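5 is the number of the first residue of the sequence shown in the working numbering; add one for each residue after it. Down below is the structure, laid out as structure tokens.
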Amino acid sequence: MAAVKHARTVGISDHFEYLANGEFQGYSNEVKEAGLKLGVEIDGHAWADEAARCDADYSIYHCRNQDDDYRALEKLLAENRPVIIAHPNALGTDLNRIPTECLIEINNRYIWRSDWEKFYGPFKDKFRFVLGSDAHQPNWLGQTVALYAASLLGVEEYLVF
């Protein structure tokens, strides 16, 4: 990703559950050696405690509409690093329960999964938004759809770093 210089890439993250069994430090070293910020993608409350202890520059959090996921979010925020709520429209996240210091992702890959104007619209003045592509699938590397949705919503892309 560093060589491609995709979308002003300054950081990269991967799913913490894939790195939790002793793989995180090697991953961290590789990301930092590439000159990138280190993110950790956390799939709900089950991984939040362990991921919060990692030396990362930012967190991307999958917050489903479950009390345990909202409680775990507080632990991540206590680490004083940016927390991005990943594709909340696809995960059923209740944005009314998300603290305003969180960043909300509009993601190319998931924007179409709901009536995104209805989902995000009421919150456009409450949160800062980051626009995400999705490197899992090369077809989603661009940000065209996320940029389009943000434009129609009237939100400006927030650059974390």
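We put the beta carbon where it would ideally sit given N, CA and C, even for glycine. Here the structure is a predicted model, which is why all the values come from computation and not from measurement.
Task: Simplified DSSP state of residue 133, which is helix, strand or coil - done: Position 129 of the sequence shown, counted from the first residue, corresponds to residue 133. Of the three classes helix, strand and coil, the one that applies to residue 133 here is strand, per DSSP.
Open item on the list: Applying the 10 Å Cβ sphere with the 16-neighbour rule, what's the burial state of residue 29?
Closed with: Counting from 1 along the sequence shown, the entry for residue 29 is found at position 25. Within 10 angstroms of the beta-carbon of residue 29 lie fewer than 16 other beta-carbons, which makes it exposed.
TODO: Return the CA-CA distance between residue 37 and residue 151, expressed in angstroms with no decimal places.
DONE: For the purposes of this step, residue 37 is identified with residue 33 of the sequence shown, where counting begins at 1. For the purposes of this step, residue 151 is identified with residue 147 of the sequence shown, where counting begins at 1. Each residue's alpha carbon lies about 30 Å from the other.
TODO: Just the C-alpha distance for residue 104 and residue 125, rounded to the nearest angstrom, thanks.
DONE: As a working note, residue 104 is residue 100 in the sequence shown. As a working note, residue 125 is residue 121 in the sequence shown. The C-alpha of residue 104 lies about 15 Å from the C-alpha of residue 125.
Task: Exposure of residue 26, with buried meaning 16 or more beta-carbon neighbours within 10 Å - done: The residue labelled residue 26 in the question sits at position 22 within the sequence shown. Answer is exposed; the Cβ neighbour count stays below 16.
TODO: Given a cut-off of 8 Å, decide if residue 15 and residue 62 are closer than it, judged by their beta-carbon atoms.
DONE: For this step, residue 62 is matched to residue 58 along the sequence shown. For this step, residue 15 is matched to residue 11 along the sequence shown. For residue 62 and residue 15, yes; Cβs fall inside 8 Å.
Task: Exposure of residue 22, with buried meaning 16 or more beta-carbon neighbours within 10 Å - done: Mapped onto the sequence shown, residue 22 falls at position 18. Per the 10 Å Cβ criterion, exposed.
- [ ] On a CA-only basis, which of 89, 20, 96 is nearest residue 183? Give me that one, please.
- [x] Examination of residue 183 is not possible in this model, given that the chain is present from 5 through 165 alone.
- [ ] Round the Cβ separation of residue 118 and residue 93 to the nearest angstrom and send it over; I've been treating them as touching at under 8 Å.
- [x] What you label residue 118 is simply residue 114 of the sequence shown in a count that begins at 1. What you label residue 93 is simply residue 89 of the sequence shown in a count that begins at 1. With a Cβ gap of about 4 Å, residue 118 and residue 93 count as contacting.
- [ ] Return helix, strand or coil for residue 47, following the three-state DSSP convention.
- [x] Walking along the sequence shown from the start, residue 47 turns up at place 43. Reduced to three states, the DSSP call for residue 47 is coil.
TODO: Measuring alpha carbon to alpha carbon, tell me which of 87, 107, 78 ends up nearest residue 132.
DONE: Position 128 of the sequence shown, counting from 1, holds the residue named residue 132. Of the listed residues, the one whose Cα sits closest to residue 132 is 107.
Task: Secondary structure of residue 5, DSSP reduced to three states - done: Locating residue 5 in the sequence shown gives position 1, where the first residue counts as 1. With a pLDDT of 49 at residue 5, under the threshold of 50, the modelled position of this residue cannot be trusted; read the value that follows with caution. Under the three-state reduction of DSSP output, residue 5 falls in the coil class, being neither helix nor strand.
Task: Where residue 124 sits in the DSSP three-state scheme - done: Walking along the sequence shown from the start, residue 124 turns up at place 120. Secondary structure of residue 124 (DSSP, three-state): helix.
Open item on the list: With DSSP as the reference, identify every bridge partner of residue 18, one or two as the case may be.
Closed with: One-based indexing of the sequence shown puts residue 18 at position 14. DSSP output for residue 18 lists 44 as bridge partner(s).
Open item on the list: Going by C-alpha to C-alpha distance, which of 148, 56, 113, 91 sits closest to residue 79?
Closed with: Along the sequence shown, read from residue 1 onward, the residue named residue 79 stands at position 75. Nearest C-alpha to residue 79: 56.
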